[in-house]
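A.B. asks: Residue numbers in the sequence shown follow UniProt numbering, run continuously in steps of one, and reach 422 at the last position.
Idealized CB from N, CA, C, for every residue including glycine.
Given the structure is predicted, the values throughout are model-derived calculations rather than measurements.
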Amino acid sequence: MRATDQTLPTKGEDYVRMRALATGLLLLMALLFVVALVQQEAHPFFAWLRAFSEAAMVGALADWYAVTALFRHPLGLPIPHTAIIPGNTERIASNIGSLTQRKLVTPEGIARLVASWHIPEELIEALLAPERRRALRDECAQLLVRALNASEDAAMQRMLREIATKIIRGVSVAPLAGQMLAGFLGSHQRDRLLNDILSAVLEYVDANRDALGRTVAEKLPWSRVLSFVKLDYSVSHKVLDSVYDTLCTMRDDPHDPMRRKAIDRLHELSEWLMQSDEALRREASLKEKLLGYDTLLQFLDDSWHQLKQWMLDDLSQDPSDIRAYLDAALADAGRTLQKDAVLRAMLHDGVQGLVKALAVRHSDKIGELVANTVREWSPAQMVETVEREVGNDLQYIRVNGTIVGGLVGLLLHALALMIGGR
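Spelled out as structure tokens, the structure:
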């Protein structure tokens, strides 16, 4: 098969061709007029051709003048009310901007346009179709990568410090801890949980008996004297055994007095945490001390560096945990939107209302933008733009004027013959 190169003509090429056709038709009418003028005495029928071509030339010239006067001075003559477009660029720009604001880009029209887009349905299809969702996921991932690369580390560190500071200062931990402790003490699982805690403590004591024994030996009264007579470790282990036995009894006997006393103390502690102003003051003091530690601030700075590097490394890999999370989140959002008609209606109305509100608020800005854009065109650029967009139709006016003028000429010639024949 022989390949053919078929290209569509541009607007400029169409305009040149139509202008050549209109001008050629005018020249043809002039030639027919000359032929008819010469031949009509010898051949009376040519009078009809003369009437047609003469009126056609008049119509063609009149329309040529009208079309040309829009863009330039006909034949270069400074005839009043010609070169209308280049001579009124400021007024045209203002009128186009005003027309855009009042009639073209209206809030109601924009709302109807947004309603015709079927945004919820389009979004559901994009979120549930694997290929489209994958493209959306990858675009979100690329945006995240660009944001991370563009982020200023010092600014992000300051932001993390401010967020951490606000969270630490803003959240009242004492009442929350008191409520959690009260909930634990009032739970049906309290005794089982308390037994588990005591068992964990006992296991720790068993696993670290020697180290605990040395620590207790150092804290004993007269520790140097006991160490001199080599009784320090013996006494410390006796103390540990006593504590160990007490903890075992508390764990194994639900009615043990020490166990009951410990539970009562925990109740008092929960009340104190929830209701005491002193607890809040101590918490605030502890928070300020915590925020004053350089170690905490350095931890926050290092956390941002580590988090940023992990995210960049993960997003550069395939498979990627973050991309998988984004894909799952987008799919879940699509399924939720598909099942929830109320949510779809809220999304549709929300987008439509947002766009309409923006159109109402910035309608003057839209008209001003259009007016300023047109105002920035030079007269030559404006003429070229209008000719390119509507030039074909204007040349059709010239062609139609030629044909209609000729037909009117024939009609007038026929009427003249009828009246003369009478």
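Rounded to a whole number of angstroms, what is the C-alpha to C-alpha distance between residue 157 and residue 163?
C.D. replies: As a working note, residue 157 is residue 157 in the sequence shown. As a working note, residue 163 is residue 163 in the sequence shown. Roughly 10 Å between the two C-alpha positions.
A.B. asks: Please name the residue in 192, 56 and 287 whose C-alpha comes closest to that of residue 254.
C.D. replies: On the sequence shown, position 254 is the one that residue 254 refers to. Of the candidates 192, 56 and 287, the one whose C-alpha sits nearest the C-alpha of residue 254 is 192.
A.B. asks: Taking DSSP as the reference, what is the three-state secondary structure of residue 141?
C.D. replies: Looking up residue 141 in the sequence shown gives position 141. Helix at residue 141.
A.B. asks: Rounded to whole angstroms, how far is the Cβ of residue 82 from the Cβ of residue 69, which I believe are closer than 8 Å?
C.D. replies: Taking the sequence shown and counting its residues from 1, the one referred to as residue 82 is at position 82. Taking the sequence shown and counting its residues from 1, the one referred to as residue 69 is at position 69. Indeed they touch by this definition, with Cβ atoms about 4 Å apart.
A.B. asks: Provide the residue span of the alpha helix (DSSP H) that contains residue 71, from first to last.
C.D. replies: Counting from 1 along the sequence shown, the entry for residue 71 is found at position 71. Start and end: 46-71.
A.B. asks: Compute the distance between the beta-carbons of residue 304 and residue 143, then report whether it is under 8 Å.
C.D. replies: In the sequence shown, the residue the question calls residue 304 occupies position 304. In the sequence shown, the residue the question calls residue 143 occupies position 143. It is not a contact, given that the beta carbons lie outside the stated cut-off.
A.B. asks: Give the straight-line distance between the Cα atoms of residue 141 and residue 126, rounded to the nearest whole angstrom.
C.D. replies: Sequence index remark: in the sequence shown, residue 141 carries index 141 (1-based). Sequence index remark: in the sequence shown, residue 126 carries index 126 (1-based). Those two C-alpha atoms are separated by around 16 Å.
A.B. asks: Cβ of residue 399 within 8 Å of Cβ of residue 100?
C.D. replies: As a first step, residue 399 must be located in the sequence shown, where it is residue number 399. As a first step, residue 100 must be located in the sequence shown, where it is residue number 100. Going by C-beta atoms, residue 399 is not nearer than 8 Å to residue 100.
A.B. asks: Hey, how far is the Cα of residue 250 from the Cα of residue 333?
C.D. replies: Here the question's residue 250 lines up with position 250 in the sequence shown. Here the question's residue 333 lines up with position 333 in the sequence shown. Distance between the alpha carbons of residue 250 and residue 333: 52 Å.
A.B. asks: Buried or exposed: where does residue 335 fall if 16 or more other Cβ atoms within 10 Å of its Cβ makes it buried?
C.D. replies: Stepping through the sequence shown from its first residue, residue 335 is reached at position 335. Exposed is the call here.
A.B. asks: How would you label residue 15, buried or exposed, when you count the other beta carbons within 10 angstroms and need 16 or more for buried?
C.D. replies: For this step, residue 15 is matched to residue 15 along the sequence shown. When all chains shown are included, residue 15 counts as buried.
A.B. asks: Should residue 353 and residue 274 be called a contact, given that it needs their Cβ atoms to be closer than 8 Å?
C.D. replies: Here residue 353 is taken as the residue at index 353 of the sequence shown, counted from 1. Here residue 274 is taken as the residue at index 274 of the sequence shown, counted from 1. Result no, Cβ atoms of residue 353 and residue 274 do not sit closer than 8 Å.
A.B. asks: At 4 residues or longer, what runs of the alpha helix (DSSP H) sit wholly inside the stretch 340-376?
C.D. replies: Counting whole runs of 4 or more residues, the stretch 340-376 contains the alpha helix (DSSP H) stretches 341-375.
A.B. asks: Count Cβ pairs between the stretch 32-45 and the stretch 369-389 that sit closer than 8 Å; are there 3 or more?
C.D. replies: Contact fails: fewer than three Cβ-Cβ distances are below 8 Å.
A.B. asks: I need the DSSP call for residue 117, collapsed to helix, strand or coil.
C.D. replies: Taking the sequence shown and counting its residues from 1, one reaches residue 117 at position 117. Here residue 117 sits in coil by DSSP.
A.B. asks: What first and last residue would you give for the alpha helix (DSSP H) that runs through residue 289?
C.D. replies: Here residue 289 is taken as the residue at index 289 of the sequence shown, counted from 1. Taken as a continuous stretch (DSSP letters only), the alpha helix (DSSP H) holding residue 289 covers 277-291.
A.B. asks: Return the CA-CA distance between residue 111 and residue 355, expressed in angstroms with no decimal places.
C.D. replies: Looking up residue 111 in the sequence shown gives position 111. Looking up residue 355 in the sequence shown gives position 355. The alpha-carbon atoms of residue 111 and residue 355 are separated by roughly 7 Å.
A.B. asks: If I measure Cβ to Cβ from residue 66 and keep anything under 8 Å in the same chain, skipping five residues before and after, which residues do I get?
C.D. replies: Here residue 66 refers to the residue found at position 66 when the sequence shown is read from its first residue. Excluding sequence neighbours, residue 66 sits near 397.
A.B. asks: In the structure shown, what three-state DSSP assignment does residue 79 receive?
C.D. replies: Position 79 of the sequence shown holds residue 79. Residue state, collapsed to three classes: coil.
A.B. asks: Helix, strand or coil for residue 313 per DSSP?
C.D. replies: As a working note, residue 313 is residue 313 in the sequence shown. Reduced to three states, the DSSP call for residue 313 is helix.
A.B. asks: Assuming contact is defined by CB atoms lying nearer than 8 Å, are residue 181 and residue 247 in contact in what I supplied?
C.D. replies: Along the sequence shown, read from residue 1 onward, the residue named residue 181 stands at position 181. Along the sequence shown, read from residue 1 onward, the residue named residue 247 stands at position 247. No. Outside cutoff.
A.B. asks: Could you compute how far the alpha carbon of residue 146 sits from the alpha carbon of residue 265?
C.D. replies: The sequence position of residue 146 within the sequence shown is 146, counting from 1. The sequence position of residue 265 within the sequence shown is 265, counting from 1. Approximately 55 Å between the Cα atoms of the pair.
A.B. asks: Report the rounded CA-to-CA distance for residue 106 versus residue 57, giving the unit in angstroms.
C.D. replies: Translated into positions along the sequence shown, residue 106 becomes position 106. Translated into positions along the sequence shown, residue 57 becomes position 57. Rounded to whole angstroms, residue 106 to residue 57 spans 45 Å at the Cα level.
A.B. asks: Secondary structure at residue 106, three-state DSSP: helix, strand or coil?
C.D. replies: Reading the sequence shown from its first residue, position 106 is the one you call residue 106. Residue 106 falls in the coil class under three-state DSSP.
A.B. asks: Output the distance between the C-alpha atoms of residue 408 and residue 22, rounded to the nearest integer angstrom.
C.D. replies: Taking the sequence shown and counting its residues from 1, one reaches residue 408 at position 408. Taking the sequence shown and counting its residues from 1, one reaches residue 22 at position 22. Their backbone Cα atoms lie some 18 Å apart in a straight line.
A.B. asks: To the nearest whole angstrom, what separates the beta carbons of residue 395 and residue 19, a pair I think is in contact under 8 Å?
C.D. replies: If you number the sequence shown from 1, residue 395 lands on position 395. If you number the sequence shown from 1, residue 19 lands on position 19. Between residue 19 and residue 395 the Cβ distance is about 5 Å, and since that is below 8 Å, they are a contact.
A.B. asks: Give me, in chain order, the residues of the same chain whose beta-carbon lies closer than 6 Å to that of residue 244; leave out the 5 immediate sequence neighbours on both sides.
C.D. replies: Translated into the one-based positions of the sequence shown, residue 244 becomes position 244. Excluding positions up to five away in sequence, the list reads 205.
A.B. asks: Looking at the structure shown, is residue 226 part of a helix, part of a strand, or coil, going by DSSP?
C.D. replies: Counting from 1 along the sequence shown, the entry for residue 226 is found at position 226. The pLDDT assigned to residue 226 is 41, lower than 50, so where the model puts this residue is not dependable; a value taken from the coordinates is nonetheless given after this. In this structure, residue 226 counts as helix in the three-state DSSP scheme.
A.B. asks: Please classify residue 26 as buried or exposed, where buried requires at least 16 neighbouring CB atoms within 10 angstroms.
C.D. replies: Here residue 26 refers to the residue found at position 26 when the sequence shown is read from its first residue. The residue in question, residue 26, is buried, as its Cβ has 16 or more Cβ neighbours within 10 Å.
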